[in-house]
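J.: FYI, the numbering for the sequence shown is 524 to 952, going by the numbering used here.
Each residue gets a CB set at the ideal place from its N, CA and C atoms; glycine is no exception.
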Amino acid sequence: MSLDLSQSRSAFESAKSVIPGGVNSPVRAFRSVGGSPVFIDHGTGSTITDIDGNTYIDYVLSWGPLILGHAHPEVIARTIAAMQKGTSFGAPTLAETQLARLIVDAVPGIDMVRLVNSGTEATMSALRLARAATGRNKILKFAGCYHGHADMLLVQAGSGVATLGLPDSPGVPAGATQDTLVAPYNDLDAVRAIFAEQGEQIAAVIVEPVAGNMGMVPPVGGFLAGLREVTQNSGSLLIFDEVMTGFRVSPNGAVGLYGIQPDLVTFGKVVGGGFPLAAYGGRADIMQHVAPSGTMYQAGTLSGNPVATAAGIATLELLAEEGVWQGISAQTARLVDGLNAAADAREIAFNAQAVGTMFGFFFTDQPVRNYEDAKTADAERFVHFFAGMLERGIYLAPSAYESGFLSSAHSDADIDRTIAAADEVFATL
Ligand code: KE4
Numbered sequence: 524m525s526l527d528l529s530q531s532r533s534a535f536e537s538a539k540s541v542i543p544g545g546v547n548s549p550v551r552a553f554r555s556v557g558g559s560p561v562f563i564d565h566g567t568g569s570t571i572t573d574i575d576g577n578t579y580i581d582y583v584l585s586w587g588p589l590i591l592g593h594a595h596p597e598v599i600a601r602t603i604a605a606m607q608k609g610t611s612f613g614a615p616t617l618a619e620t621q622l623a624r625l626i627v628d629a630v631p632g633i634d635m636v637r638l639v640n641s642g643t644e645a646t647m648s649a650l651r652l653a654r655a656a657t658g659r660n661k662i663l664k665f666a667g668c669y670h671g672h673a674d675m676l677l678v679q680a681g682s683g684v685a686t687l688g689l690p691d692s693p694g695v696p697a698g699a700t701q702d703t704l705v706a707p708y709n710d711l712d713a714v715r716a717i718f719a720e721q722g723e724q725i726a727a728v729i730v731e732p733v734a735g736n737m738g739m740v741p742p743v744g745g746f747l748a749g750l751r752e753v754t755q756n757s758g759s760l761l762i763f764d765e766v767m768t769g770f771r772v773s774p775n776g777a778v779g780l781y782g783i784q785p786d787l788v789t790f791g792k793v794v795g796g797g798f799p800l801a802a803y804g805g806r807a808d809i810m811q812h813v814a815p816s817g818t819m820y821q822a823g824t825l826s827g828n829p830v831a832t833a834a835g836i837a838t839l840e841l842l843a844e845e846g847v848w849q850g851i852s853a854q855t856a857r858l859v860d861g862l863n864a865a866a867d868a869r870e871i872a873f874n875a876q877a878v879g880t881m882f883g884f885f886f887t888d889q890p891v892r893n894y895e896d897a898k899t900a901d902a903e904r905f906v907h908f909f910a911g912m913l914e915r916g917i918y919l920a921p922s923a924y925e926s927g928f929l930s931s932a933h934s935d936a937d938i939d940r941t942i943a944a945a946d947e948v949f950a951t952l
C-alpha cells in the first residue's frame with residue numbers, strides 16, 4: 524500500500540527554493556518521521572485532503588485550534604461577515620470586548636485579558652508582565668515544555684526544538700537566557716531546591732499544566748498544587764501556559780480541571796478558531812501593569828483584529844453549546860481506549876492517554892513523567908507507526924514530541940477507522 528504523493532514531493536522541492544526548509548514552521552517538515560510533508564489542498568470537518576487527492580482523518584487540526592473541525596459553516600459565515608465590514612482598523616471594536624468577556628467568563632480567577640497574535644507573543648508578554656509586577660528577573664520553565672520561540676524560552680524547549688534535536692537555538696545571546704532556570708517536569712523537589720536558593724529572584728514559573736510538547740504528559744498528583752504553594756510562599760507568580768490546553772482539557776481549561784489558581788494564564792489556538800489570535804490574562808491587580816493602564820509595554824498592529832475575533836467568538840460560543848465539548852472528550856477517550864486495546868492484544872509496549880479533547884501516546888510500557896522519560900520511548904516504532912497510519916489515511920502529528928487533538932466533527936466511524944488502522948500497523952511492528 525503506498526500513497527501517491529508526487530505532487531506534494533514536487534511542491535516541497537519548489538517550496539524549499541524560496542522558504543527555509545520549505546515550511547513556515549519547522550515541525551511541519553516531517554524531519555523526524557522522514558519523507559516529505561504532504562501539502563494540503565483543503566479541509567472539511569474531521570478530514571484534510573492533500574494536493575494529490577489523498578484524504579486523511581486529521582488529528583493535528585492545525586496543532587489544536589480547530590476544535591470544531593475544518594471549515595465549520597458557522598465559523599466561516601461569521602468570519603466572512605466580519606471581513607465584509609473591513610478586515611482591520613487598528614482601533615477598538617466591540618468584538619474584542621466580547622471575546623475578552625468570553626475568555627474571562629470561562630476561566631476561573633481571570634479578570635482581564637489582552638489579545639495578541641500568537642502564543643509566542645502571549646507567553647513573552649506574560650513573562651514581561653510577571654517581571655514588571657514583581658521587579659524580579661529570573662523565570663523557571665520545565666525541560667520539554669514549549670512556550671513559543673521568544674529568546675528567553677528557547678532553553679531545553681519541546682515541540683519543534685525537541686523534534687529537530689536542537690541543542691537550543693543559535694542566535695539566542697547568553698544574556699537572553701541567563702535568567703532562565705530549568706527543572707524537570709513533574710519534579711517538585713527540583714523546583715523546591717531552586718526556590719530555596721533563588722526564590723526571591725524568581726519572577727515567575729511558567730508551566731504547561733498538561734505538557735503537550737514532549738508528547739502528552741499530564742501533571743502527577745500534587746505537582747501543580749506544589750508549584751502554587753512554592754510560588755505563593757516566595758512572592759513569585761505562577762503562569763499556566765494554556766495555549767494548547769485552553770478549552771481543550773476542559774471547557775474551563777486546566778485551571779478549571781485541576782482547581783489550581785495561577786496568577787496569569789496564556790491562551791492561543793482554540794481561542795482564535797484557526798486565525799492568528801492569542802491572549803494573556805490574569806487578576807486585575809496584575810493586568811493593570813499593562814500599558815496603557817500601566818507602564819509595562821506590549822503592543823500589536825493586528826491584535827484583536829475583527830476577523831480573528833469573529834472566528835474566536837464563533838468557536839467559543841459553539842463549543843460552549845450543551846454537550847459539544849463533552850462529546851469531543853468522549854470521542855477522545857474512545858479513541859485512546861481503542862488504541863490501547865489494540866496494542867495490548869498484540870502485546871506492543873504502547874500507552875495512549877487522553878486529557879479532555881487532546882491525547883498522546885508513547886511506544887513504551889514505562890511511565891512517562893518528564894522529557895527524559897519521553898526520550899526513552901521507541902522512536903523507530905513511532906516513525907513506523909506514523910508512516911503506516913498516514914498510508915491508511917490517518918494524519919497524526921509528524922513528531923513524537925507533539926500531542927493529538929479531536930474535534931466535534933470526528934465521527935464514530937472516524938474513530939473506528941483509526942483504531943482499525945492502528946491495529947493493522949501494530950500487526951506489522
Ligand atoms: P505559537 O507562537 O506557535 O502560536 O504558540 C506557541 C506555543 C506556546 N505555548 C504552547 C503550550 C504551545 O504548544 C505553543 C505552540 N505549539 C506548537 C505545537 N506544539 C505549534 C506548532 C508549530 O510550532 O508549528
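(1) Mapping DSSP to helix, strand and coil, what is Lys608?
(2) Based on DSSP bridge pairs, tell me the residues matched to Phe884.
(3) Express the C-alpha separation of Thr602 and Ala685 in angstroms, rounding to a whole number.
(4) Straight-line CA distance for Thr818 to Gln811?
(5) Since I believe Thr646 is in contact with Thr789 (beta carbons under 8 Å), could you give me their beta-carbon distance rounded to a whole number of angstroms?
(6) Since Arg551 and Pro560 should fall inside the 8 Å C-beta cutoff, what is the C-beta to C-beta distance between them, to a whole number of angstroms?
(7) Please tell me whether Tyr781 and Pro829 are closer than 8 Å, where the distance is taken between their beta carbons.
(8) Determine the burial state of Tyr924: buried for a count of at least 16 other Cβ atoms within 10 Å of its Cβ, exposed for fewer.
(9) Counting pairs of beta carbons, one from the region 731–745 and one from the region 914–934, are three or more of them closer than 8 Å?
(10) Which class does Leu750 belong to by DSSP, given the choice of helix, strand or coil?
(11) On the CB-based measure, 16 or more other CB atoms within 10 Å of its CB, does Leu617 come out buried or exposed?
(12) For Gln607, is the classification buried or exposed, using 16 other Cβ atoms within 10 angstroms of its Cβ as the cut-off for buried?
(13) Please classify Ser537: is it buried, with 16 or more other beta-carbons within 10 angstroms of its beta-carbon, or exposed?
(14) Counting C-beta neighbours from all protein chains within 10 Å, is the total for Ala802 16 or more, i.e. buried, or is it exposed?
(15) State yes or no: is the C-beta of Ile725 within less than 8 Å of the C-beta of Arg659?
(16) Against chain B, does Asp946 count as a neighbour if the rule is that its beta carbon must be under 8 Å from one of theirs?
(17) So, His883 versus Gln889, is the Cβ gap smaller than 8 Å?
(18) With a 10 Å radius around its C-beta and 16 neighbouring C-beta atoms as the bar for buried, classify Tyr894 as buried or exposed.
(19) Between which residues of its own chain and Val948 is the CB-CB distance below 8 Å, once the five residues before and five after are set aside?
(20) The beta strand (DSSP E) spanning Gly592 covers which residue range?
(21) To the nearest angstrom, how far is the alpha carbon of Gly805 from that of Asp786?
(22) Return the CA-CA distance between Met675 and Leu650, expressed in angstroms with no decimal places.
(23) Can you check which of these residues, Asn577, Thr824, Ala865, is closest to Thr610 by C-alpha distance?
T.: On the basis of the supplied data:
(1) Position 85 of the sequence shown, counting from 1, holds the residue named residue 608. Lys608: coil per DSSP, three-state reduction.
(2) Within the sequence shown, residue 884 is the residue found at index 361, counting from 1. Its beta-bridge partners are Ala875.
(3) The sequence position of residue 685 within the sequence shown is 162, counting from 1. The sequence position of residue 602 within the sequence shown is 79, counting from 1. Looking at the two C-alpha atoms, the distance is approximately 35 Å.
(4) Counting from 1 along the sequence shown, the entry for residue 818 is found at position 295. Counting from 1 along the sequence shown, the entry for residue 811 is found at position 288. One C-alpha to the other measures close to 9 Å.
(5) Working through the sequence shown from its first residue, we reach residue 789 at position 266. Working through the sequence shown from its first residue, we reach residue 646 at position 123. Confirmed, about 5 Å.
(6) Taking the first residue of the sequence shown as 1, we reach residue 551 at position 28. Taking the first residue of the sequence shown as 1, we reach residue 560 at position 37. 6 Å between Cβ atoms; contact.
(7) Indexing the sequence shown from 1 puts residue 781 at position 258. Indexing the sequence shown from 1 puts residue 829 at position 306. The answer is no: Cβ separation not under 8 Å.
(8) Locating residue 924 in the sequence shown gives position 401, counting from the first residue. Buried, since its Cβ has 16 or more Cβ neighbours within 10 Å.
(9) yes
(10) Here residue 750 refers to the residue found at position 227 of the sequence shown. Three-state DSSP puts Leu750 in a helix.
(11) Reading the sequence shown from its first residue, position 94 is the one you call residue 617. The residue is exposed, with fewer than 16 neighbouring Cβ atoms inside 10 Å.
(12) Residue mapping note: residue 607 aligns to position 84 of the sequence shown, counting from 1. Answer is exposed; the Cβ neighbour count stays below 16.
(13) Position 14 of the sequence shown, counted from the first residue, corresponds to residue 537. Ser537 comes out exposed.
(14) Taking the first residue of the sequence shown as position 1, residue 802 is located at position 279. So Ala802 ends up on the buried side.
(15) The count along the sequence shown starts at 1 and reaches residue 725 at position 202. The count along the sequence shown starts at 1 and reaches residue 659 at position 136. In this structure, Arg659 lies closer than 8 Å to Ile725 by Cβ.
(16) Included in the structure is just one protein chain, with no chain B present.
(17) Residue 883 sits at position 360 when you count from the first residue of the sequence shown. Residue 889 sits at position 366 when you count from the first residue of the sequence shown. A small correction: the amino acid at residue 883 is Gly; His does not occupy that position in the sequence shown. Their beta carbons are not under 8 Å apart, which means Gly883 does not touch Gln889 by this criterion.
(18) Position 371 of the sequence shown, counted from the first residue, corresponds to residue 894. Its Cβ being crowded by 16 or more others within 10 Å, Tyr894 is buried.
(19) Taking the sequence shown and counting its residues from 1, one reaches residue 948 at position 425. For Val948, where only same-chain residues beyond five positions count, the Cβ hits under 8 Å are His907, Phe908, Gly911, Met912, Arg915.
(20) Here the question's residue 592 lines up with position 69 in the sequence shown. Unbroken run through Gly592: none, as it is neither H nor E.
(21) As a first step, residue 805 must be located in the sequence shown, where it is residue number 282. As a first step, residue 786 must be located in the sequence shown, where it is residue number 263. Using only the alpha carbons, I get a separation of about 6 Å.
(22) Within the sequence shown, residue 675 is the residue found at index 152, counting from 1. Within the sequence shown, residue 650 is the residue found at index 127, counting from 1. Roughly 9 Å between the two C-alpha positions.
(23) Within the sequence shown, the letter at position 87 stands for residue 610. Checking every option, the nearest Cα to that of Thr610 belongs to Thr824.
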